[in-house]
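At position 448 of the sequence shown (counting the first as 1) the number is 955 in this note's numbering, and the numbers step up by one without a gap.
Here's the structure, in C-alpha cells; my notes come after.
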Amino acid sequence: MAESEVNLTKTYDAVVIGSGAAGGMAAHVLTSHGLQVLLLEAGKKLPIEKELRSMEWPYDNQYRGMLPPDQHSLSFNEYTIRNPPYGPGFEKAKGLKSYIGSTDYVKNIVVDERENPFTGTNYAWVRARCLGGKTNIWGRLALRLSDYDFKAKSRDGYGEDWPISYSDIAPYYDKVDLYLGITGVKENLPYLPDSIFQRPTKLNCAEVTLKESLAKMGRVLTQYRAGVTSDGLKHNKYRSRCYGRGACERKGGCDIHAAFDSPTGLIYPAMDTGNLTLRTNAVVREITVDPKTGKASGVHFVDSESMKDYAVRGKVVVLAASTLESARLLLLSKSRLHPNGLANSSGHVGHNFCEHIMGPGVAGRAKNLVGKPPTLDDGRPGGFYLTRFRNLAEKHPKFIRGYGFEGGSGSTMFPRGTDAHGFGAAFKEEVRKNQGAFIGMGAFGEVLARYENYVDLDPVVKDKWGIPALRFHYKFGDNEHRMAEDMKETAQEMFEAAGFEIEHVSSRVLTEGWSIHELGTARMGSDPKTSVLNQFQQSHDVKNLFVVDGSAFVNASCQNPTWTIMSLCWRSSDYLVDELKKGNL
Ligand SMILES: Cc1cc2nc3c(=O)[nH]c(=O)nc-3n(C[C@H](O)[C@H](O)[C@H](O)COP(=O)(O)OP(=O)(O)OC[C@H]3O[C@@H](n4cnc5c(N)ncnc54)[C@H](O)[C@@H]3O)c2cc1C
Ligand code: SF4
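Printed below as a string of C-alpha cells:
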C-alpha cells in the first residue's frame, strides 16, 4: 500500500494519531462514512511479512530465532534492580529492548528503550512503534467485558461505574466480531459474554481432563477466544484464514494475517476507500488549539528520520496513541487556555492508571500422557481460557474483583515444562517421553484503578526527538497482592483436582506493566470533575477531541482489553460522524 503525501494546506475532517487497534479502527469507521482522514503513525511501515517469517524453521535462523548478540532484551531482574531509563550497565548493547523484544522476529517492531526513555517507578513498558503498533505481535485473546465490569462499583462499592452498560456496547462487539473474525465456543456466561464465533479450535487431551474436573467445581474452561479468522473473511482481501501452522506458539505475529492486525484488518481497507492519507514516521509532539475557541485545531509532528517539524490541521483530532502515550500527549499539549494539559480541567489525565497483574501460575504433567506418541498441538492460535470465578455470586473475604487463567497443553516445537534431567540419549528420551504431557497456566487479575497510580512528565529526561519523557508513579496495592496469593493457591488446587503431577507452582508477581494491558489514564464518566471523557470518548473540555484507546477505561476488569478498545472506538467514531454532520464539533 503506497502512502500519499500529506497536504499541509488542507484541513482534514479528522486527524487520527496512532495506527494500532484504536487508530486503525477510527480510520476504518471514519473513512467508511466518507470523512477525509489523515492517519499519523510515529513508527515505520515495516516489510512486516519479512520481519515475522512465521514459517521459518529455527535452524534456518542465524540465531535460532533469538536476538542478535549485539542487542539486549531486559529480564525480570533487570526491571527490578535497575532504574529506568536504563543508563549504566548496558553500554555494550547496541539496541536495548523490553522483555518482549527477545526474538529476532520482533526486534524491529518494539522500540529501543534508550531512544524512548521513561523514568520513575519500575515498569515493564512494552511499546511497538511501527504501522499497526502492538497488534502486529499481540497474543490475540479477544474477550468481552460485561456488566460485572461496567457496573463493578454497584456490585462492590469500589471506584466508579462506567457511564455505559453492556447493552450499549454489545452491538459494536458484534460488528467487530463480524468485521475482523474471532474463534471460540459459546458458554452463555453472564460475566463473559459470547462473541459471534467462527470455527473453534480443539482442546487437547489434558485440557479436556482439566475442563471436566473444573466443571465439577463449578468453574469454566473454554477454548482460547482468539481474534483470528478461522473461516476467512470474504470482505477482506488482505487476510487469509488460519491454517493452523503452529507458528502462533512463537508469539511473533502471523505473516498471513489470519490473526488480526490493524494494517491488514483495518487500515488497508480504509485506504481502499480513497479517503485515507497515511503518514508514517510522524511523531506527534503536540495537539494544537485555536487560541480563540480552545478547540483542537490540528497537531505538530516531527519526522522521525529528518527531525523536521510539521503542522497539520483537522476539524477533529482523534487520539489513539495507546493508553500511556495518549496521556503523555495530552499533558504535553499545554496552552494558555489549557494550562494543566489538554482535556485536563479535572486533573485526572494520567491518573486512575490500571492494568492486569501477572505471575502466579502452575505447570505440570498429565501422567496418563507420558510416553504416548506426540500429537500436533501447536497448530492453533491458543490453548484455553479459564474464566473468572471469584467475586461473582460469593464475596471473597480477602480481595475484590477477579482473575482468569490463560493456558495450554501438549506437544510443541520446543518441548516445554518437562523438567528433565540427565545427559545424552537418556536425556533426549526423557524429554520425548514427557513433552506431550505438559500442561500449564498463568493468571491475569484486575489491578484496581487508583487516583494515586499515575504518570506525569519528567522535567528533565527527553526522548530521541526532544520530547519530554513519561514519569511513572505506579505500584500494585494490597488488593492485588492478596489476589495473587489466591491465584497461586487455586492454580495448585485445580491441577491437583484434575490429577496432574505438579512440577512447579509460581507465586512470583511479575513487574508492573508485564501484562501489556495499560488502561485508564483518561477515564470516561458523566461528571467532568472526576473524568476526562464522556461515554463517547469525547473530551468534556474540548468537544472536537476524542481519545479512543484504552485510556478511556474506568476499570481494567480481568479480561484482555483489545476487543473492547475496538468496540468502544467504533461506537465513538459513529457518534463523532453524527456530531460533525450536525455541526456540533
Ligand atoms: C506481546 C503482546 C501480547 C498481547 N496480547 C494481548 C491479548 O492476548 N489480548 C489483548 O486484548 N491484548 C493483548 N495485547 C495488548 C494489545 O496489543 C493492545 O491492547 C492494543 O494493541 C492496544 O491498541 P492501541 O491502538 O491502544 O495501541 P497500540 O497498538 O500500541 O498502537 C498505538 C500506536 O500509536 C503510535 N504512537 C504512539 N505515540 C505516538 C505519537 N506521539 N505520534 C504518532 N503515533 C504514535 C505507536 O507507534 C503505535 O503504532 C498484547 C500486546 C503485546 C505486545
Ligand atoms: S496458527 Fe493461524 S493465526 Fe497462528 S500464525 Fe498460524 S495461521 Fe496465523
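Beta carbons are placed, not taken as given, at the ideal position from N, Cα and C, and that holds for glycine.
Since we're looking at a predicted model, the values are computed, not measured.
{"Query": "For R647, is the beta carbon positioned less than 7 Å from some heavy atom of ligand 1?", "Result": "yes"}
{"Query": "Would you call G596 buried or exposed, if buried means 16 or more other Cβ atoms sit within 10 Å of its Cβ?", "Result": "exposed"}
{"Query": "Does ligand 2 have even one heavy atom less than 7 Å from the beta-carbon of C761?", "Result": "yes"}
{"Query": "Where does P700 land, buried or exposed, given buried means 16+ other C-beta within 10 angstroms?", "Result": "buried"}
{"Query": "Assuming contact is defined by CB atoms lying nearer than 8 Å, are S1064 and A834 in contact in what I supplied?", "Result": "no"}
{"Query": "Excluding the five sequence neighbours on either side, which residues of its own chain have a C-beta within less than 6 Å of the C-beta of G530, listed in chain order?", "Result": "V523, A827"}
{"Query": "Closer than 6 Å by C-beta to Y1082: which residues in its own chain qualify, once you throw out the five before and the five after it? Chain order, please.", "Result": "F1043"}
{"Query": "Where do the N-terminal and C-terminal ends of the alpha helix (DSSP H) with A932 fall, by residue?", "Result": "931-942"}
{"Query": "For ligand 3, any of its heavy atoms closer than 7 Å to the Cβ of P565?", "Result": "For the structure depicted, ligand 3 is absent and the ligand set comprises only ligand 1 and ligand 2."}
{"Query": "Considering G666, what are the terminal residues of the alpha helix (DSSP H) in which it resides?", "Result": "Counting along the chain, G666 falls outside any alpha helix (DSSP H), and DSSP gives it neither H nor E."}
{"Query": "Under three-state DSSP, which class holds E1086?", "Result": "helix"}
{"Query": "Can you list, in chain order, the residues of its chain with a C-beta nearer than 8 Å to that of L515? Leave out the 5 residues immediately preceding and following it.", "Result": "Y817, A818, V819"}
{"Query": "Figure out for me which residue from P770, R1078, W1070 has the closest Cα to the Cα of I689.", "Result": "W1070"}
{"Query": "Between P776, I774, K744, M778, which lies nearest to I763 when the distance is taken from Cα to Cα?", "Result": "K744"}
{"Query": "Hey, how far is the Cα of S840 from the Cα of E832?", "Result": "12 Å"}
{"Query": "Mind checking P888: buried by the 16 CB within 10 Å criterion, or exposed?", "Result": "buried"}
{"Query": "Return the residue from the list A733, E862, L977 that minimises the CA-CA distance to L1026.", "Result": "E862"}
{"Query": "Candidates G739, G541, N629, E563: which alpha carbon is nearest S582's?", "Result": "N629"}
{"Query": "Would L537 pass as a contact of K822 if the rule is Cβ separation under 8 Å?", "Result": "no"}
{"Query": "For I588, does the three-state DSSP call read helix, strand or coil?", "Result": "helix"}
{"Query": "Apart from the five residues on each side of it in sequence, which residues of its chain come closer than 8 Å, Cβ to Cβ, to Y606?", "Result": "S580, L581, S582, F583, Y586, A631, V633, W1021"}
{"Query": "From T1018 to I864, what distance separates their C-alpha atoms?", "Result": "9 Å"}
{"Query": "Going by C-alpha distance, which of V544, T787, T610 is nearest E558?", "Result": "T610"}
{"Query": "Between the alpha carbons of H928 and G866, how many angstroms are there, rounded?", "Result": "25 Å"}
{"Query": "Hey, would you say the C-beta of V735 is under 7 Å away from at least one heavy atom of ligand 2?", "Result": "yes"}
{"Query": "Quick one: Cα of F896 to Cα of M994, how far?", "Result": "11 Å"}
{"Query": "Which class does P1068 belong to by DSSP, given the choice of helix, strand or coil?", "Result": "coil"}
{"Query": "Just to check, is the beta-carbon of S833 closer than 7 Å to a non-hydrogen atom of ligand 2?", "Result": "no"}
{"Query": "Do three or more CB pairs link the segment 648-666 to the segment 851-858 at distances below 8 Å?", "Result": "no"}
{"Query": "Whole beta strand (DSSP E) runs in the segment 766-795 with 3 or more residues, listed along the chain?", "Result": "783-786"}
{"Query": "Should G739 and R748 be called a contact, given that it needs their Cβ atoms to be closer than 8 Å?", "Result": "yes"}
{"Query": "May I ask you to list the residues that DSSP assigns as paired with M865?", "Result": "F951"}
{"Query": "Tell me which residue opens and which closes the alpha helix (DSSP H) that L836 is part of.", "Result": "830-839"}
{"Query": "Is P888 close to ligand 2? I mean its beta-carbon at under 7 Å from any heavy atom of the ligand.", "Result": "yes"}
{"Query": "Heavy atom of ligand 1 less than 7 Å from the Cβ of N629, yes or no?", "Result": "no"}
{"Query": "In whole angstroms, give me the CA-to-CA distance for S672 and K802.", "Result": "29 Å"}
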